[in-house]
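Asks:
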Amino acid sequence: MVKERIVPCTKKKRGVVLPVCLICEQTPPDGIAGGILVSGRFLCAACEDEIVHTRVGDSRYSHLKDKVKRIWARVK
Ligand SMILES: [Zn+2]
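Here the sequence shown is numbered in our numbering, starting from 183 and rising by one per residue.
1. Note down, in chain order, each residue of its chain lying with its Cβ closer than 8 Å to the Cβ of Thr-236, except the 5 sequence neighbours on either side.
2. Is the CB-CB distance between Cys-203 and Phe-224 below 8 Å?
3. Does Arg-187 have its Cβ less than 8 Å from a Cβ in chain B?
4. Given this structure, state the Cα-to-Cα distance separating Leu-219 from Asp-248, to the nearest angstrom.
5. How many Å lie between Glu-230 and Asp-240 at the Cα?
6. In the DSSP assignment, the alpha helix (DSSP H) including Leu-246 goes from what residue to what residue?
7. Arg-187 bridges to which residues according to DSSP?
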């Protein structure tokens, strides 16, 4: 008799880049496919969309602007 066993999947995918979004600091479920790379920095699709739709004067605008600046800022 063969007993069924639930084997936890502990294997991690190798070679898969899991980028962290510059703005929300989250990794989208799709990984690198869930966003864009700007100057080597990753921006998830949700934040990209937010930037596109945020207008000057919006309460989120200055917050986003500061975050976006980090794309071009040199990080040592
Ligand atoms: Zn994001």
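Just so it is clear, CB atoms sit at the ideal spot from N, CA and C, and this is done for glycine as well.
Replies: In brief:
1. For the purposes of this step, residue 236 is taken as the residue at position 54 of the sequence shown. Here the set comprises Arg-242, Tyr-243, Leu-246.
2. Mapped onto the sequence shown, residue 203 falls at position 21. Mapped onto the sequence shown, residue 224 falls at position 42. The answer is yes: Cβ separation under 8 Å.
3. Absent from the structure: chain B. Only one protein chain is present.
4. Looking up residue 219 in the sequence shown gives position 37. Looking up residue 248 in the sequence shown gives position 66. Straight-line Cα distance between these residues: approximately 18 Å.
5. Locating residue 230 in the sequence shown gives position 48, counting from the first residue. Locating residue 240 in the sequence shown gives position 58, counting from the first residue. Roughly 16 Å separates the two Cα atoms.
6. Along the sequence shown, read from residue 1 onward, the residue named residue 246 stands at position 64. Here the alpha helix (DSSP H) through Leu-246 covers 243-254.
7. As a working mapping, residue 187 is identified with position 5 in the sequence shown. Its beta-bridge partners do not exist; DSSP assigns none.
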